[in-house]
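Let me begin by presenting the structure, written as C-alpha cells, before commenting on it.
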Amino acid sequence: MTTPAARRSSKRVAGKDASKQFWKYHNEGILKKYQAKLQVGSLDSKPKPVEPAPVAAAPQPTKAVVKKAAQEAAPVDESEPFDPYGSLIPFADPSWYQSFHSPYYNETHVALRNEVRKWVDEEIEPFVSEWTRPSSQPAWRQVSYCCRVDVESVNWPSACPDAAGAGPAPHAESAGPAGPASVPGERLVPVRTIGWGNMGKKNPNWRTRTLVSQEQGPHPPCQERLPLLLLLLFPAIRKSANLHDAIVDRSADSALNRSYPLSFLHKASVGSVHELILTDELSRPGSGGFVWNIIGGFGIGCPPLVKFGQKALVDRILPGILAGDERICLAITEPDAGSDVANLSCEAKLTEDGKHFIVNGEKKWITNGKWARYFTTAVRTGEPGMNGVSLLLIERDFPGVTTRQMDCQGVWSSGTTYITFEDVKVPVENLLGKKDRGFRAIMTNFNHERIGIIIQCLRFSRVCYSESVSYASKRRTFGKKLIEHPVIRLKLAHMARQIEASYNWLENLMFQCQKMGETEAMLKLGGAIAGLKAQSTVTFEFCAREASQIFGGLSYSRGGQGGKVERLYRDVRAYAIPGGSEEIMLDLSIRQSMRVNKALGMKL
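Per UniProt numbering, the sequence shown starts with residue 1, numbered consecutively.
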C-alpha cells in the first residue's frame, strides 16, 4: 500500500517488501487514513492459535456441599481488574487500562471507553491533521455537504433537512453534482455543518458547491452525538433530570444508537468519572483545536445558562444548542483583563426604563466565538471589583456585535475570536443570575473549565510520551535503537513519572467531585483543582519538549511521524494561560486551601 505522496518512491521498491522504508517515513496513522481506498489485500503470516481441546465436564457437587462451601469461602473482592486494553505501552494509558486494580471504575466506564475509542480511531484520528490547518476552516454556516445515508434507519435530527425531500439546508446554493448513483434504500442528502465548524472527514466520491468555494465540503461527526456529549461532560445538564431523560429518549432509537449506543445511560448514573473518560479519549488524536472545536464553547458557555438563566430564556435557547443547530461560548477575557476577572471593564448600563442593558467593550481570545450565536458574557454593572460583575447572555443578532477570528500560535481550529460590543441593547431577561452577583457564577464555572484543561493536558502528555516510545523503538542511531540509549530512557522515565503522579491526583479529585455536593466541592476542591491545573500544564509542556528532543527535526516539521508532537508543542501555551495562568493557579491553590481549612478548624 502506498500513499499519494510516495508514488515515486514506490517505483524503486516495486515488487519488494517496503516495510522498512515505509516505517522510516510514516507512522500508523497514515494507514488508517488511506487503508480503505488503497489496500488490495493482506498477508496473514501469523500462525493461527490452536483451539483448546474440550474439557470434560466435572461432576457437579450437591446443593449441601455448595451451601457449605459458600459459607466457608473468604469474602470476594468485587473490584477485579478489567481486561488489558489499548497498546499496552507502559504508562501510555491510565493504569486501569492495563489490568491494574482501581476503586474508581465499573463496567459502564469500560463500555464508554470502548465506544468512544472506536469512534475516535475510525472517524476522527485519521483526518484530524486536515481539520487543524488554518486554511481548511470553512466559513460558519456556509458549507453544505452530501452524505450517503440509509433513509429507512435514520431518526432525523432537527438540524438536518427533511428526509422526505424538504430541499437543501439553509445557506446552501445547491447540492451540486449528484455523485455516484444511489442504491436502493439510500439517498444523497445535503446537511448543514452548524455546530461543528470544520470538523469531519471529506467524502472522496463527489463534490458539492457552497457559498465559499467549489471545494468539496467536510463531513463532520454526526450532530446527534452532541446531546450525549453535553450530557456526559457538563454537570449542570447531568443534574437536570428532565434534560437527562429527554436526551436519553431522543438517542435511544436513533441511528446514533446503532453506531455509538452508550446503552449504559439507561441503567447507570452518569458522573464525573464518565466525564473524565470521555474527555480523555476525545483528546487522544493529539489536537487541542479539535477538542475545543467540538466541546470547548459548549463546555464553558452552556452551564451558566442552564444553572442561572430564567426558565423562559433557557426554554428558548437550550433546545437549539442541544440539537447542534446553534453554538454558545463564554466571553470573559478582555484585552487588559485576563486572570484578573474581578477588574474587567466591559460595561453594561441599565436603561432608564429598566428594560435593557447597554453593553460596550471588547472580549479577546474567545473560544468558538467565530461560530457562536450566543455569548455568555461577563460585564460590569456596578462598583469596581468582584461585587460589580454580572453575567449577560448576548446574542449575535443584536445590533452592535462584531467578531473577527484571531491568528494564534496553537489550537487553530478552535475559532479563537475578538469580539466588540458597541451600544448593544440586551433585554434584562437575558441576565444570568442576579445583578452584580456574577463573579461567584464565574468562579463556579472556572472549576469545571480547569478540570477539562487538566484532563486534556494529561492525555496530550501521554500522546507525547507514547509517540516517543514508538518512535524510539524503531529509530536507530549509532548502531542501535534510540530506546536502547540510557539518555532516552531517562527522558521517558521523567515523562512517565510526572504523568502518573498528576493523573492519580486527577482521579481522586474526579471521585471527590462525584461524591460531594456542588457547594461542598466548590468550597473544598477549588484550591486543589487550581494546583493540579498548574501541575498538568507544566507536565504537558515538559512532555512536549522532551518528545520534541527525541524526534529531533521530525518534530519541527508539520505532519509526518512527528506531526502530533509538533502540533501539541504549539498548543502548550493555549493550556498554560487560559483558565488561570500557572503563577495565579499556584498562589490560589495555597490561599484557597488555607482559607477553607481555617474555617474547618485548622490548627497551627
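Quick reminder that beta carbons are idealized off the backbone N, C-alpha and C, glycines included.
When rounded, the separation of the alpha-carbon atoms in Thr537 and Ser283 is 15 Å. From the listed residues Lys355, Pro578, Thr381, the smallest Cα separation to Thr416 is found for Pro578.
With at least 16 other beta carbons inside 10 angstroms of its own, Tyr374 counts as buried.
When DSSP assignments are scanned along the region 279-311, the uninterrupted stretches of alpha helix (DSSP H) that are 4 or more residues long and fall wholly within it turn out to be 288-291, 297-308. Measuring C-alpha to C-alpha distances from Gly286 to each of Val572, Ser272, Phe308 identifies Val572 as the nearest.
Between the region 583-597 and the region 524-533, the count of C-beta pairs closer than 8 Å reaches three or more; the two stretches touch. Non-local C-beta neighbours of Glu546 in its own chain, meaning closer than 6 Å and more than five positions away in sequence, comprise Lys491, Met495, ordered along the chain. Counting C-beta pairs closer than 8 Å gives fewer than three between the region 307-321 and the region 467-477, which falls short of the contact rule.
Between Gln498 and Thr539, the C-beta spacing is below 9 Å. Straight across, the Cα-Cα distance linking Ile453 with Val13 is about 46 Å.
Less than 9 Å separates the beta-carbon of Leu509 from that of Ile451. Taken through DSSP and simplified to helix, strand or coil, Gly320 comes out as helix. Across the structure, Asn293 and Ser413 are spaced so that their CA atoms are roughly 6 Å apart. Taking a C-beta distance under 9 Å as the contact criterion, Val110 and Phe91 do not qualify as a contact pair.
Taking the C-beta atoms as reference points, Ile300 is found nearer than 9 Å to Leu330. By DSSP's assignment, Thr420 forms a beta bridge with Glu362, Thr402.
When only Cα atoms are considered, Pro103 and Asn504 end up about 12 Å apart. The C-alpha of Thr351 lies about 44 Å from the C-alpha of Leu278.
Cβ-Cβ distances below 6 Å link Gly385 to Ala342 in the same chain, with the five nearest sequence neighbours on each side left out; the list follows chain order.
Per DSSP, the continuous beta strand (DSSP E) segment holding Glu347 begins and ends at 347-350. Counting the other CB atoms within 10 Å of its CB gives Glu429 a total below 16, which places it among the exposed residues. Of the other Cβ atoms in all chains shown, fewer than 16 fall within 10 Å of the Cβ of Asn387; this residue is therefore exposed.
The region 390-398 makes contact with the region 361-377; the number of CB pairs closer than 8 Å reaches 3 or more.
Taking the Cα positions, Gly309 is about 18 Å away from Phe446. Under DSSP, Thr377 shares a beta bridge with Ala331, Leu392.
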